[in-house]
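Protein chains in written order, with our numbering: chain U, 1 to 398; chain B, 1001 to 1398. C-beta atoms are modelled at their ideal positions from N, C-alpha and C, and glycine is treated no differently. As the structure is a prediction and not an experimental result, all values here were calculated from the model. Read through the structure below, which is laid out as structure tokens, and then see the notes.
2 protein chains.
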Amino acid sequence: MQYKISDKFVSLKPSAIREIFKSLGTPGSISFAAGNPNPDSFPVKEMKKIADDIFENEPVTALQYGITEGYTPLRKLVSERLKRVYDIGTPDDDLIIVTGGQQGIELTCKVMCNEGDTVLCENPSFIGALNSFRSLGAKLVGVPLGPEGIDLEALEDALRANPNTKFLYTIPTFQNPAGITTTLETRKAVLKLAEKYDILILEDNPYGDLRFTGQDVPTYKSMDAEGRVIYCGSFSKVLSAGMRIGFLCADKNLISKIVVAKQVEDVHTNVLFQMICAKYIEQYDLEEHISGIRELYRHKAGLMLSALDRYMPKEIGYTRPEGGIFLWCSLPESLSLDEFVRRAGEKNVFVVPGTAFSADPEEESHSFRLNYSMPSDDEIDRGIKILADIAAEMLAGR
Amino acid sequence: MQYKISDKFVSLKPSAIREIFKSLGTPGSISFAAGNPNPDSFPVKEMKKIADDIFENEPVTALQYGITEGYTPLRKLVSERLKRVYDIGTPDDDLIIVTGGQQGIELTCKVMCNEGDTVLCENPSFIGALNSFRSLGAKLVGVPLGPEGIDLEALEDALRANPNTKFLYTIPTFQNPAGITTTLETRKAVLKLAEKYDILILEDNPYGDLRFTGQDVPTYKSMDAEGRVIYCGSFSKVLSAGMRIGFLCADKNLISKIVVAKQVEDVHTNVLFQMICAKYIEQYDLEEHISGIRELYRHKAGLMLSALDRYMPKEIGYTRPEGGIFLWCSLPESLSLDEFVRRAGEKNVFVVPGTAFSADPEEESHSFRLNYSMPSDDEIDRGIKILADIAAEMLAGR
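Put into structure tokens, the structure is as follows:
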């Protein structure tokens, strides 16, 4: 039969990155395309022991239906940690466990936006979030991202031009894809604009724990006196990505609506992994574990930056992230990004072209994203050399 | 601040059942309100061993990001079992793993329906599905359910009256809440109407494996020659509810859209439990395990039916399910359901009032749902006696 797909899905494409991800794994290939945490960041032995204990002592709690809000001990532990580490959480706030940060982002849009309402985002931004806004019929307006964060003038222009804006979606710390951290000054100015135009801020912070140099910048949520910020966090980059555990912290009036939205989406997040997370935090030292991951990524980012410094023609720009797992390279406008990505692929080196992160899919890009959490030390050096050689050849008109 | 919630969520309430579920657990209370599988149906020892092996031998596969379509070995095993047990699956079909049957239902509506499109459902029906259709702005039209399945005349009336109908949502086997199984004759007639009015059928079959008496009736999907049926299944009632593993089998053109919808909702379903499911099917005898669950529910349903036969005034009607976990009781119209449910609650016996399952929340109901999978043998006998006494008192005007 002929299927009549809904207007919102008839044209929505799968994420280019997840499609690249599927085609990887050719022997000898070097991938800088992933968004995955390094598997060394998974505390396998500890999780094995915890899982074993749960199956021995509390199997029914793990295997039976749970409540939509999440496993109560985990909600309590996450709230405590948010307060301790980020000064997040007021008596008006509540916290819900979601099936990965992705669900937190999607549920926020679902609960806030009617079709045609505007969502503002940094441009470039995380493709998974952009596609979830598109899938709900929101109008997506990208605001350029500069070295200090979102462009404030362009943000105010966008707010003026789109009075039906519901929220700004932002990854202020170690942004995906650009690796940029929004400065404190910019954050304060963005909060003021949010108040002035009465919009919410969806603060997505999956990488915030992964700072390996420089000083932490306060989160939007910690500076939020009015319940204007919805904070989205995740265990994907610090315990396991495959377990799909994230959380939202926001005013309880918003969380109560998000609970209803989650209930009709997947009832609740898998209980065993919520228990594993909770017991890991209770029985082990999560902060020490995270500092080990920071050390690993400090090393990997350092390797990639020195390879870029050493090999890359000076015409190619790149960000110097202070944390997270990505950096962002820009070709001069005279070079074709398509050709660069194609030639890299022919040499079995994979990067994600900037077009994949654009709020406007028709927009031209000269940038690409590099991931340093997954490749081996040797792959980083060899891969960057190959990319640098291609850039040099293209600059020389070969 | 004042929140401007989306039109679809501003009035949507949490599921009454899940709210009841939260308030249970008073010592001495008897709950017939759950929709939970009996914990004895969880193969705890086997899962413990499998989880242990996975953490020992393949931890990275379990803990790293997976692909949206699902863990490939599980997709293959589920497809094979669907073919073997239900004769489901053609070369044009594909299968996706989802985060519980609930997500399969929600994704189907998301991909098929524009706001205002009609979804038809049996009335009464599964509240979780009804709320997910509401949350997506679909217009919900209930069609009365009789002892042989959906009322065919009313179904055709509804199809004529709603030319923008996208699909019929049906639980043809051991229906939730009514416990009714649609006859083969009715199924064939429904399929013909679906063809005539060119709509899809979303066949939700979470209880299909749990027949304890009578003969299996062919699924809609097995009789579907045109790719008109989307089949939704689940491991919640046969391995574990808390692991949140379900699946959709449908034409590959539909599944490819559902993959995109799932990607923006939660990226993928937790991998560890997909691996546990797959390895359970490979290493143990799932059919034998299921036949143990059938035996348990045959026993429980038998107890409940004989208690009803023994104690309940003849004015109260009830269905005699051949499988699944629910039966459906109806008071005479002269008795108030509200009063009955309240008086039962005062005696610490909990049932779910029929209003919770109605396509039209304003509709009056005189029925309530009883679950027999969770209560103990003794609770079944005592609880039904209490309910029968209340009914008798109310009939006597006390």
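Closest by C-alpha distance to residue i, when choosing among the options
i	options	result
G1345/B	S1015/B, A1392/B, L1210/B, G1028/B	G1028/B
E1014/B	S334/U, L272/U, I255/U	The question names Glu, yet the displayed sequence has Pro at residue 1014/B. For the residues S334/U, L272/U, I255/U, the minimum Cα distance to P1014/B belongs to I255/U.
P1039/B	P1321/B, A1241/B, H1366/B, R1081/B	A1241/B
L121/U	G179/U, T68/U, A62/U, E203/U	Checking the sequence shown, residue 121/U turns out to be Cys, not Leu. Of the candidates G179/U, T68/U, A62/U, E203/U, the one whose C-alpha sits nearest the C-alpha of C121/U is E203/U.
T183/U	Y207/U, I150/U, R160/U, F212/U	I150/U
Q1274/B	I380/U, G179/U, R244/U, I293/U	R244/U
V1238/B	A1392/B, K1188/B, S1291/B, I1180/B	S1291/B
Q263/U	T99/U, C329/U, K347/U, V119/U	T99/U
D1381/B	G1354/B, R1075/B, T1355/B, V1349/B	V1349/B
L387/U	E333/U, M374/U, M312/U, N371/U	M312/U
S1358/B	E1115/B, P1144/B, D1007/B	P1144/B
L1077/B	P1332/B, E1153/B, V1217/B, Y1284/B	Y1284/B
A129/U	D94/U, K257/U, Y169/U	Y169/U
I1030/B	A1392/B, F1368/B, P1375/B	P1375/B
D1452/B	G1233/B, A1301/B, C1277/B, I1199/B	Chain B is shown from 1001 up to 1398; residue 1452/B falls before or after that span and cannot be answered.
Per-residue contacts from residue i into chain U (C-beta, under 8 Å)
i	result
G1066/B	G242
L1272/B	G242, M243, L272, F273
N1205/B	The contacting residues do not exist; N1205/B stays about 17 Å from chain U at best.
DSSP bridge partner residues for residue i (one or two, in chain order)
i	result
A250/U	D94/U
F167/U	V119/U, L200/U
I230/U	L202/U
Y318/U	C329/U
F1368/B	C1329/B, P1353/B
R211/U	G323/U
A1031/B	Ala is not the amino acid found at residue 1031/B; the sequence shown has Ser there. F1350/B.
G142/U	C121/U
G149/U	G146/U
Chain-ordered chain U contacts of residue i [CB-CB under 7 Å]
i	result
Q1103/B	E265, D266
E1106/B	V264, E265
Exposed unless 16 or more other CB atoms sit within 10 angstroms - verdict on residue i
i	result
G397/U	exposed
N1057/B	exposed
G1246/B	buried
G214/U	exposed
R1310/B	exposed
Q1102/B	buried
E1265/B	buried
N1164/B	exposed
K1110/B	buried
D338/U	exposed
E288/U	exposed
S1011/B	exposed
D92/U	exposed
G1116/B	exposed
V60/U	exposed
R228/U	buried
Proximity test, residue i beta-carbon vs the ligand HEM heavy atom, cut-off 7 Å
i	result
S1367/B	What this structure holds is no ligand at all, so the ligand HEM is not there to describe.
Contact set between residue i and chain U, taken where Cβ atoms lie within less than 9 Å
i	result
C1113/B	S6
V1259/B	P14
L1254/B	Y3, I5
N1036/B	Q64, Y65
Proximal chain B residues relative to residue i, where beta-carbon distance stays under 9 Å
i	result
P39/U	P1059, V1060, L1063, Q1064
F32/U	Ordered by position in chain B, no residue passes the 9 Å Cβ test against F32/U, which lies about 16 Å from the chain.
Where residue i meets chain B, residues with beta-carbon distance less than 7 Å
i	result
G100/U	D1266, V1267
F167/U	Ordered by position in chain B, no residue passes the 7 Å Cβ test against F167/U, which lies about 10 Å from the chain.
S55/U	Reading the sequence as shown, one finds Phe at residue 55/U and not Ser. V1044, M1047, K1048, A1051, listed in chain order.
Within chain B, the residues that residue i reaches when beta carbons sit closer than 8 Å
i	result
F9/U	K1110, V1111, K1257, V1260, A1261
Quiz item: Mind listing which residues of the stretch 1349-1367 of chain B have their C-beta closer than 9 Å to chain U's C-betas, in chain order?
Solution: Result list empty, no residue passes.
Quiz item: Residues in the stretch 216-239 of chain U with C-beta within 7 Å of chain B's C-beta atoms, listed in sequence order?
Solution: Taking 7 Å as the upper bound on Cβ-Cβ separation, chain B lies near residues E226, G227, R228 of the stretch 216-239 of chain U.
Quiz item: Of all the residues that make up the stretch 126-140 of chain U, which are near chain B by a beta-carbon distance shorter than 7 Å?
Solution: In summary, the residues of the stretch 126-140 of chain U whose CB is separated from some CB of chain B by less than 7 Å are G128, N131, S132, S135, in the order they occur in the chain.
Quiz prompt | Where the stretch 1279-1313 of chain B meets chain U: residues whose CB sits under 7 Å from a CB there | solution = Look at the stretch 1279-1313 of chain B: it has no residue with a C-beta under 7 Å from a C-beta of chain U.
Quiz prompt | Where the stretch 1041-1053 of chain B meets chain U: residues whose CB sits under 7 Å from a CB there | solution = For the stretch 1041-1053 of chain B, the beta-carbon criterion of a distance under 7 Å to any beta-carbon of chain U is satisfied by F1042, V1044, M1047, K1048, A1051, D1052.
Quiz prompt | chain B contacts made by the stretch 324-336 of chain U, where a contact means CB separation under 7 Å | solution = Hits within the stretch: zero.
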